[in-house]
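Chemist: Residue numbers (mature numbering (1 follows the signal peptide of the UniProt record, and there is no 0)): -25 to -1, 1 to 136.
Positions of the beta carbon are idealized from the N, C-alpha and C atoms, including for glycine.
From a predicted model like this one, the values you see are computed outputs, not experimental measurements.
Got a structure here, written out as structure tokens. Questions coming.
Listed below in structure tokens is the structure:
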């Protein structure tokens, strides 16, 4: 029951975050062009704000801002999210669950972990996130993929839900 509520909260946070991003983007338009100016013959589509969309053909570095916006939205919505919350949120935001890894929320002696790490393999690089009260909140980085083909060193938990 608690997990279902957390998934609903994560989904709501993502929806609110997306709405705010697009709403703010709509408020930051350019200066209007005077009516006497003829329209340009070729016009490019306006660029969305940096980090507001997943770029499937982009690099890990180009997708880091979006990765961060999703994860910061999860932290804001839940306060103290678990690993599953990040995986579910990233999946809902368009990242490929098959390329993700996450560490355990609890230690081998059943204590709450100081932090949870999670990652998305992106080509030969990794988007890596970490969250926990003892690690100073949320942090992220782009790192090279490991020789094993994964992103996280050490034990990870199966993403089997």
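For residue 87, which residues in the same chain have their Cβ closer than 8 Å to its Cβ, ignoring the five residues on either side in sequence?
Modeler: 80, 81
Chemist: With burial defined as no fewer than 16 other Cβ atoms inside 10 Å of the residue's Cβ, what is the status of residue 72: buried or exposed?
Modeler: exposed
Chemist: Quick check: the Cα distance between residue 68 and residue 84, rounded to an integer number of angstroms?
Modeler: 33 Å
Chemist: Can you give me the C-alpha to C-alpha distance between residue 70 and residue 94, rounded to a whole angstrom?
Modeler: 10 Å
Chemist: Would you report the Cα separation of residue 41 and residue 33, rounded to the nearest angstrom?
Modeler: Answer to the nearest angstrom: the Cα atoms are 11 Å apart.
Chemist: Less than 6 Å between C-beta atoms, sequence neighbours within five positions excluded: which residues of the same chain meet that for residue 110?
Modeler: 90
Chemist: By a C-beta neighbour count over all protein chains shown, 10 Å radius and 16 as the cutoff for buried, is residue 135 buried or exposed?
Modeler: exposed
Chemist: Going by the CB atoms, is the gap between residue 35 and residue 102 shorter than 8 Å?
Modeler: yes
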